[in-house]
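Undergrad: Let me give you the structure first, and then I'll get to my questions.
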């Protein structure tokens, strides 16, 4: 069974809100184009510190982030964000194919890890899966 693209609340329906982070502006445009038909892309930032600020201010449902970014890498940004907002789901979209990056991303709280070369085929499904995936972080509370 597939969950709707919309999150149902007691009286309203809202589209899933996604924040993007990548230091490559062309990649941000491509990711946004891939997602905007089904989801509400609420922002795009190009460095890790801006990602933390935008997430704390905007409180998206899902963040799609690169790992290698200036000022603060995506994994450290994820840790900072998830310390304050444990209900956000993180998807890493990166060129980093090494197992150590994947393992570190999952330790930081990622629900998915996708290589940029597979974005067209895998990103939308990863977002759908993230919507359906219950949080496993012990500190996620009831969010």
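In our numbering, the protein residues as written are 20 to 162.
Just so it is clear, CB atoms sit at the ideal spot from N, CA and C, and this is done for glycine as well.
Here's a check: name, in chain order, each residue in its chain whose Cβ is nearer than 8 Å to the Cβ of residue 68, leaving out the five neighbours to either side.
TA: Taking the chain shown and counting its residues from 1, the one referred to as residue 68 is at position 49. Cβ neighbours of residue 68 beyond the five flanking positions: 90, 91, 96.
Undergrad: Roughly how many whole angstroms lie between the Cα atoms of residue 70 and residue 81?
TA: As a working note, residue 70 is residue 51 in the chain shown. As a working note, residue 81 is residue 62 in the chain shown. For residue 70 and residue 81, the distance between alpha carbons rounds to 12 Å.
Undergrad: Does DSSP put residue 110 in a helix, in a strand, or in coil?
TA: Indexing the chain shown from 1 puts residue 110 at position 91. Residue 110 falls in the strand class under three-state DSSP.
Undergrad: Between which two residues does the alpha helix (DSSP H) harbouring residue 103 extend?
TA: Within the chain shown, residue 103 is the residue found at index 84, counting from 1. Segment 93 to 103, the alpha helix (DSSP H) holding residue 103.
Undergrad: I'd like the list of long-range same chain contacts for residue 130, defined as Cβ closer than 7 Å, with 5 residues on each side in sequence excluded.
TA: The count along the chain shown starts at 1 and reaches residue 130 at position 111. Answer for residue 130: 108, 109, 110, 149, 152, listed in chain order.
Undergrad: I need the DSSP call for residue 56, collapsed to helix, strand or coil.
TA: Translated into positions along the chain shown, residue 56 becomes position 37. Residue 56 falls in the coil class under three-state DSSP.
Undergrad: Let's see if you can read the secondary structure: which residues bound the beta strand (DSSP E) around residue 150?
TA: Sequence index remark: in the chain shown, residue 150 carries index 131 (1-based). Run containing residue 150: none in the beta strand (DSSP E); it sits in the alpha helix (DSSP H), 138 to 151.
Undergrad: Enumerate in chain order the residues of its own chain whose CB-to-CB distance from residue 36 is below 6 Å, with the five nearest sequence positions on each side excluded.
TA: Within the chain shown, residue 36 is the residue found at index 17, counting from 1. Correct list, in chain order: 59, 61, 79, 80.
Undergrad: Run the CB neighbour count on residue 76, radius 10 Å, all protein chains shown included, and call it buried at 16 or more, exposed below.
TA: Position 57 of the chain shown holds residue 76. Exposed, by the Cβ-count rule.
Undergrad: From the DSSP secondary-structure annotation, give me the bridge partner or partners of residue 86.
TA: Position 67 of the chain shown holds residue 86. Answer is none; residue 86 lacks a bridge partner.
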